[in-house]
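In full-length UniProt numbering, the protein residues as written are 1 to 664.
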């Protein structure tokens, strides 16, 4: 059966039967006619939203169906559970749970894409029921996959004894997608907090299972890799290092296995990069010897030209040193271990070879040197003196290392590089020069650069940032950390600082944790008429790129902006920019907050407009009225509260599929 070829016969009119669904799927995947593909996609989207989908999805999961058909059945289940949950009577919840568990066991040996979608569907169901109607989902899931209990949760004896490893992998897949589904769901703030707390409580069941599987000699590499991915997934739920450090220690053993190396690096870096883990000093101190124990493996990799291994080990060392620099500096009884880590990172900075052709590791370390300098200089003078005595020699070595790393290769070798490699090397040399310039204060605090040096450096960086993508430059976090310490009493320096911050607006959108240190500086600039163009344009860029992360700072931005508008500090065009910035800012706030903030923002201007409108017309009044109308118009060109809803709605209109055919 095919969908009607006659345009007059709308596919919407077709009966929602299993046969018609299969026919539409064949048309979607295998029909060369794009128009007919689009017809099929539209009809399948409507089919997924129908009440009949709760029934026909199971028939699509029959063992004799094509994987694409089975995948659509599993995706339909997830769509129904995630978006149409209220349509299912509560007395059918237990039956659905048992059916899902049974099918997950059935598909435990594949196809993988079908198994994953079934796991996501069950995870979504758990999120709908936790904690009231399903208090211990993880414990129940683990119990359902125990081979010795073939009848648990409705699984048959043949399924439960079919392939223990496949069932173990299926369970790990289920435990991995549960936090991921939580992260991707749109939830009210109170409900998100409730679920996060409930899932965090389930870690007490997950952690011992993962440790047992990772330590077991019977576990295959496939199982261990799945364990590593599962830990990374739960770390995203803010499982603390205090609760996971023993499992993280186990992960270090996987670094000696080439097949597990990459996954182990990702997991360890994710776990120790959580800012909150700074609270768990004992856990960090326990992990330090394991990180230092990788130094010999690092040296061997560097000697053998094993870029992948040296890169991975460097990432671990930098994650430990950079994220927890201040905490580890404060552990004075362990100062020798942290100095050893710093020297390990220095080795990574000076690793043999030319970046990016024969090594890719050294660039990872540049931000660390900013962080260490910044943290040392944040202590009182007495402590600074102690730390400088220990670490100043390291920085002198760093200068030698960086100067060597910035050398060009021979002309013959350089000529053989690709244009992309040459460009990366150029940016790398700029990053090195920044590190040398901004880091020299630690070597000699008396040698403070004149403002012209700082301005020239920032101007060069800002010019580069405006013309090429510097989002992956390792120097940016350190630069962002140092900018608030620059004295902007000099107008020319202050102007360049503002433009530099503006050029990094996209980077700040990806690293919103840095906004708290930068935004006050921009607001400080906005109140100065001499910084009008640079400060207002920078605020507009930040509000446009970072608006979804500005809620904690919204009141400060609005207060300062309203003040400068009322005091008429800026010229008309900058006032328009400022209103556009506030439109972006307000658009990302919860709808119930927007009206109140909008009211306080525009009321003075509306009142002023009312007063002017009552006066006799004259050129001065006309100019003021046009100015106010221009500001209001500018505000409403960027105020858009429909954007997030419409994008979500658009995404929900497409049926899930393993590969999406092109659409017109």
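Note that CB positions come from ideal geometry on N, CA and C, so glycine has one too.
Owing to the predicted nature of the structure, the values given are computational and were not obtained by experimental measurement.
Pick helix, strand or coil for residue 236, following the three-state DSSP scheme.
Residue 236 falls in the coil class under three-state DSSP.
Residue 42 lies in the alpha helix (DSSP H); which residues open and close that run?
Residue 42: member of the alpha helix (DSSP H) spanning 34-49, first to last residue.
Please work out which residues of its chain come closer than 6 Å, Cβ to Cβ, to residue 368, disregarding the five sequence neighbours upstream and downstream, and give them in chain order.
The beta carbon of residue 368 is closer than 6 Å to those of 318, 321, 322 and 345 in its chain, skipping five residues each way along the sequence.
C-alpha gap between residue 419 and residue 361, whole angstroms
Roughly 20 Å between the two C-alpha positions.
Beta-carbon proximity list for residue 443, same chain, < 8 Å, skipping 5 on both sides:
Confidence at residue 443 is low in this model, with a pLDDT of 47, below 50, so the placement of that residue should be treated as unreliable; the coordinate-derived value is given next. Closer than 8 Å at Cβ, skipping near neighbours: 392, 395, 396 and 399.
May I ask you to report which of helix, strand or coil DSSP gives residue 525?
Note: residue 525 maps to helix in three-state DSSP.
Have a look at residue 638 and residue 503 and give me their C-alpha separation to the nearest angstrom.
If you draw a straight line from the Cα of residue 638 to the Cα of residue 503, it comes to about 20 Å.
For the alpha helix (DSSP H) containing residue 570, name the first residue and the last one.
Per DSSP, residue 570 belongs to no alpha helix (DSSP H) and is neither H nor E.
For a quick check, are the C-beta atoms of residue 498 and residue 575 less than 8 Å apart?
8 Å or more divides the Cβ of residue 498 from the Cβ of residue 575.
Span separating the alpha-carbon of residue 484 from that of residue 515:
Their backbone Cα atoms lie some 11 Å apart in a straight line.
Three-state secondary structure (DSSP) at residue 487?
Of the three classes helix, strand and coil, the one that applies to residue 487 here is coil, per DSSP.
Check each candidate in 56, 69 and 53 and name the one with the smallest Cα separation from residue 26.
For the options 56, 69 and 53, the alpha carbon positioned closest to that of residue 26 is the one of 69.
I'd like the list of long-range same chain contacts for residue 128, defined as Cβ closer than 8 Å, with 5 residues on each side in sequence excluded.
By the criterion of a C-beta distance shorter than 8 Å, residue 128 is surrounded in its chain by 81 and 85, once the five residues flanking it on both sides are discounted.
At least 3 beta-carbon pairs within less than 8 Å: the region 336-351 vs the region 290-305:
Per the Cβ contact rule, the region 336-351 is in contact with the region 290-305 (3 or more Cβ pairs under 8 Å).
Locate the alpha helix (DSSP H) running through residue 70, then write down its first and last residues.
Looking at the DSSP string, the run of the alpha helix (DSSP H) that includes residue 70 is 67-83.
What is the rounded straight-line gap between the Cα of residue 152 and the Cα of residue 176?
Reliability fails at residue 152, whose pLDDT of 43 lies under 50, so the model's placement of it is uncertain and the value that follows must be treated cautiously. One C-alpha to the other measures close to 21 Å.
Below 8 Å, can you find three or more Cβ-Cβ pairs linking the region 523-537 to the region 558-568?
The region 523-537, when compared against the region 558-568, does touch it at the 8 Å Cβ threshold.
Is there contact here, the region 48-57 with the region 31-38, by at least three beta-carbon pairs under 8 Å?
The region 48-57, when compared against the region 31-38, does not touch it at the 8 Å Cβ threshold.
Contact set for residue 279: own chain, Cβ-Cβ below 7 Å, skip 5 residues either direction
Contacts found: none.
Between residue 334 and the rest of its own chain, which residues show a CB-CB distance below 8 Å, the 5 nearest in sequence each way excluded?
Shown here for residue 334: same chain residues with a beta carbon closer than 8 Å to its own, the five before and five after excluded, namely 285, 288 and 328 in chain order.
If we count Cβ pairs, one from each stretch, closer than 8 Å, do we get three or more for the region 192-208 versus the region 237-251?
Yes: the two stretches touch, three or more of their Cβ pairs being nearer than 8 Å.
Local conformation of residue 121 per DSSP, three classes:
Here residue 121 sits in helix by DSSP.
Taking only beta-carbon atoms, is residue 313 less than 8 Å away from chain D?
The question asks about chain D, but that chain is absent: this structure has only one protein chain.
Would you call the region 211-223 and the region 261-274 touching, i.e. three or more CB-CB distances under 8 Å?
Cβ pair count under 8 Å is below three, so no.
Quick test of your reading: residue 529 and residue 569, contact by CB under 8 Å. State the CB separation rounded to the nearest angstrom.
Indeed, because the Cβ distance is near 5 Å, the residues count as touching under 8 Å.
Write down the C-beta distance between residue 74 and residue 121 rounded to the nearest angstrom, noting that I regard them as a contact closer than 8 Å.
Contact check for residue 74 and residue 121: beta-carbon distance about 7 Å, within the 8 Å limit, so the pair qualifies.
When we look at the beta-carbon of residue 535 and count the other beta-carbons within 10 Å, is it buried (16 or more) or exposed?
Around the Cβ of residue 535, a 10 Å sphere holds 16 or more other Cβ atoms; the residue is buried.
Beta-carbon separation of residue 60 and residue 18 under 8 Å?
Yes. Within cutoff.
In chain order, what residues of the same chain lie with their CB nearer than 7 Å to the CB of residue 166, ignoring the 5 residues before and after it?
108 and 109, listed in sequence order.
Outcome for residue 20 when other beta-carbon atoms lying within 10 angstroms are tallied against a minimum of 16
Residue 20 is buried by the Cβ-count criterion.
Starting from the C-beta of residue 414, find all residues in its chain whose C-beta is less than 7 Å away, skip the five residues before and the five after it, and write them out in chain order.
Scanning its chain for C-beta atoms nearer than 7 Å, with the 5 sequence neighbours on each side dropped, one finds around residue 414 the residues 408, in chain order.
Taking residue 702 as the reference, give the member of 133, 365, 79 and 192 with the closest Cα.
For residue 702 there is no data in the structure shown, the boundaries of the chain being 1 and 664.
Have a look at residue 56 and residue 16 and give me their C-alpha separation to the nearest angstrom.
Their backbone Cα atoms lie some 8 Å apart in a straight line.
Using the Cβ count rule (16 or more neighbours within 10 Å means buried), how would you classify residue 500?
It counts as buried.
Just reading off the alpha helix (DSSP H) that residue 370 is part of, what are its end residues?
If you look at residue 370, you'll find it in the alpha helix (DSSP H) that goes 366-377.
Checking 8 Å against the spacing of the C-beta atoms, do residue 546 and residue 509 come in under that value?
Contact flag set, yes.
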